[in-house]
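Colleague: Provided herewith is a single structure, encoded as structure tokens, for subsequent inquiry.
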Amino acid sequence: MKLVMLAILLSTSAALAADALSMADLQALDKQGSYGELLDKADRVRPSERTADWSKLVRAAALHVLDQIANDPGSDLAAAAKLVELVPAAEHKYGFLTGDKAYLDGKGRALARVVKICAQDGGCGNFIQYLGSGVTRFPRGTARQIALIVSEDELPSRTVHYWALAADDDVDACQDGRLDSAVIYELREPPGDKGMADAQRAAGTCYAALENDLVRELSAADETARPRPAFLINACAVMKSHGAMTVLKKKKCP
Amino acid sequence: MRILLLLLALSRTAFAFTGVYGNDTSRARVEVADVPGHPDLVLVGWEDLPGTAMPGAMILRRDRGDTETRYLAVGGGGLVALVDRGGATLIAGTLVPVIEAVTDDPAHPLALVLERGRKVDAAALAAKYAAFEHVGAPGESRAAIEAAITARAAKANKACGAHVAPAVQWAEFAKAGKLALAKQTVAIYDALEAACADKDYRAAIAGLGALRVGLRGDGLALSVKAGELAVELNDAAWNPRETAARWLEDNL
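Keeping their order, the protein sequence lines are chains C and V.
Quick note: the first sequence uses the numbering used here, first residue 326, plus one each step.
Quick note: the second sequence uses the numbering used here, first residue 1338, plus one each step.
Here it is, written out as structure tokens:
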């Protein structure tokens, strides 16, 4: 049995060795402009050879592919299909991409094309939510479109990231009741929740539009309760620095 | 059994909400009437309701939920809320609607049964609301209204240690033929005096120099501008005392 296992292991490593690529191979693909292939095969470079140059090649290739999708003169549907093919696999293989600003910005540009389809046909809120994960910058107007699409399928608090970006784009978004709901719902979540920074930023940007509802929520929160209500912890940080310092704020947000 | 269930289901949609409701074990009584031109509002008068200090009447807004319809005071801060869960009780072989009145303790609403055969005196109920919320009587003179406001302002200012002078825009009310609405300034002073029970609000009110009251807008609107409390009254400024009390608590 041990012999069989050893044989399997040896044959597997032999196969891996045969499939392995060198940095020179990747650089050749880069020079040829074969960015899709480079992205597909870069994980076949041995881990010990994955230097900073390797990461740089992968980043550049991912960005090139995203830009190709964003600027492809073909249909939006074809662009969407390419995006679906690329993003989950690339982010799974090269986890560092999800923290790369240039990559995320590129994803935002490419995603704008998919949003056009979803805005027309609807029903892809969860899909957009998934693909858009981590993106903090979209072409102007896209974040609001995404917020509207995602609002149809998700709880208000799950949409706050896009509403906050939409308000950054254009304060007119502050007048949308769905932004109001998203912010209030998120502010009720435990401090440190994933969307809290977005909710607080949107509450500040849209303070004039949200003030009545924020004050109503503040008024209803019991400041003597222990543990202290999450809304008070989250909202007071914003409310103390916006609008007049009212008696209610002094009492609830000492 | 099936027929009874069917009758119950049908009865839920058939009951009109307006009417006189009472409770056998107490003297509590609630009257409900429509507000003409406002299908989402009802005028509710009450007496001897546990948790309320005095009889009164307020305007409540219908809030239809999946399993119940709640009636909550316009502007918030209502003394009474009603809940209609579509319930009914069998009295002398007839299904009679049952509603719940919530006053001081939401966990213990009071069940009230429609008193069949008793009709709401809509005019009397409207007069009760007018008295409760200080709407002037038809034909009440400006002098009489002004005297009432001045007296109430003096009492509230004394209680608050404040100098919030009434500044009613009489010309606006007179031009529109709505002097009676101006008397609701009294209700705003009620709210100011109530807020003064708290030392922090008392200090904030002491910083106000005047109460400027005009006729405009749609619904009661309050704001503080340049050290003055500005109030906009109009035909839809329902429940001014409670609405103002709530606003002062939230915004002063």
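Glycine residues also receive a C-beta, built at the ideal position from the N, C-alpha and C atoms.
Bear in mind the structure is a predicted one, so any value in this text is a computation, not a measurement.
Looking at C/E542 and C/F556, is the spacing between their C-beta atoms short of 7 Å?
Modeller: yes
Colleague: Do C/G529 and C/V563 have their CB atoms nearer than 7 Å?
Modeller: yes
Colleague: By a C-beta neighbour count over all protein chains shown, 10 Å radius and 16 as the cutoff for buried, is V/T1522 buried or exposed?
Modeller: In this structure V/T1522 is buried. Its beta-carbon is surrounded by 16 or more other beta-carbon atoms within 10 angstroms.
Colleague: Return the bridge partner residues of C/W488 from the DSSP annotation.
Modeller: Answer is none; C/W488 lacks a bridge partner.
Colleague: Determine whether the beta carbon atoms of C/L346 and C/R375 lie at a separation below 7 Å.
Modeller: no
Colleague: Among residues of its own chain, excluding the 5 on either side of V/R1339, which ones have a beta-carbon nearer than 8 Å to its beta-carbon?
Modeller: Residue confidence for V/R1339 is low, a pLDDT of 41 falling below 50, so the modelled location carries little weight; the figure read from the coordinates is stated next. None.
Colleague: Compile a chain-ordered list of the residues in the segment 1531 to 1550 of chain V whose CB is closer than 7 Å to at least one CB of chain C.
Modeller: D1537, Y1538, A1541
Colleague: With a threshold of 7 Å between beta-carbons, can V/D1587 be considered close to chain C, or not?
Modeller: Closer than 7 Å to some Cβ of chain C, the Cβ of V/D1587 qualifies, so yes.
Colleague: Compute the Euclidean distance between the alpha carbons of V/K1512 and V/E1565, then round it to the nearest angstrom.
Modeller: So the two alpha carbons sit approximately 24 Å from each other.
Colleague: Return yes when the C-beta of C/F421 is under 6 Å from any heavy atom of the ligand ADP, and no when it is not.
Modeller: For the ligand ADP, the structure offers nothing, since it holds no ligand at all.
Colleague: Let me check one thing: in DSSP terms, what residues is V/H1375 bridge-paired to?
Modeller: V/V1372
Colleague: Would you give the residue range spanned by the beta strand (DSSP E) that V/K1562 belongs to?
Modeller: 1558 to 1562
Colleague: When the Cα atoms are used, what is the spatial distance from V/V1420 to V/L1397?
Modeller: 11 Å
Colleague: Classify V/M1442 as buried or exposed, calling it buried when 16 or more other Cβ atoms lie within 10 Å of its own Cβ.
Modeller: Note on identity: in this sequence residue 1442 of chain V is Asp, with Met being the wrong assignment. V/D1442 comes out exposed.
Colleague: If the criterion is Cβ atoms closer than 7 Å, does the pair V/T1426 and V/V1433 meet it?
Modeller: Result yes, Cβ atoms of V/T1426 and V/V1433 sit closer than 7 Å.
Colleague: Mind checking if C/S566 is an interface residue toward chain V, Cβ cutoff 7 Å exclusive?
Modeller: For C/S566, the answer is no, since every Cβ of chain V falls outside 7 Å of its Cβ.
Colleague: Hey, V/T1406 and V/T1440: beta-carbon distance below 7 Å or not?
Modeller: no
Colleague: If the criterion is Cβ atoms closer than 7 Å, does the pair C/G459 and C/L429 meet it?
Modeller: yes
Colleague: Which residues in chain V sit within 7 Å of C/T571, going by Cβ to Cβ distance?
Modeller: N1588, L1589
Colleague: Using only the alpha-carbon positions, how far apart do V/L1559 and C/A435 sit?
Modeller: Distance between the alpha carbons of V/L1559 and C/A435: 48 Å.
Colleague: Verify the CB distance criterion: does C/V383 have a CB-CB separation below 7 Å to chain V?
Modeller: no
Colleague: Should the segment 1354 to 1372 of chain V be called in touch with the segment 1455 to 1462 of chain V, which here means at least 3 C-beta pairs below 8 Å?
Modeller: yes
Colleague: Please list, in chain order, all residues of the same chain as C/G520 whose beta carbon is under 7 Å from its beta carbon, the five residues on each side excluded.
Modeller: S482, V485, H486, E511
Colleague: What first and last residue would you give for the alpha helix (DSSP H) that runs through C/L473?
Modeller: Note, C/L473: alpha helix (DSSP H), 467 to 478.
Colleague: Alpha carbon to alpha carbon, how far is C/G568 from C/D425? Give it in angstroms, no decimals.
Modeller: 36 Å
Colleague: Please determine, among C/C449, C/G447, C/G433, C/E479, the residue with the shortest C-alpha to C-alpha distance to C/R468.
Modeller: Reading off the sequence shown, one finds Ala at residue 468 of chain C, where the question assumed Arg. Here the closest residue by C-alpha is C/G433.
Colleague: With a threshold of 8 Å, are at least 3 pairs of Cβ atoms found where one atom belongs to the segment 1543 to 1562 of chain V and the other to the segment 1489 to 1501 of chain V?
Modeller: The answer is yes - the segment 1489 to 1501 of chain V touches the segment 1543 to 1562 of chain V, with three or more Cβ pairs under 8 Å.
Colleague: Of the residues V/C1497, V/E1483, V/D1537, which one's Cα is nearest the Cα of V/L1516?
Modeller: V/E1483
Colleague: Mind checking V/G1551: buried by the 16 CB within 10 Å criterion, or exposed?
Modeller: buried
Colleague: Leaving out five residues before and five after C/R526 in sequence, what residues of the same chain have Cβ atoms less than 7 Å from its Cβ?
Modeller: A489
Colleague: Tell me the DSSP bridge mates of C/I558?
Modeller: Answer is none; C/I558 lacks a bridge partner.
Colleague: Terminal residues of the continuous alpha helix (DSSP H) containing C/P413?
Modeller: 401 to 418
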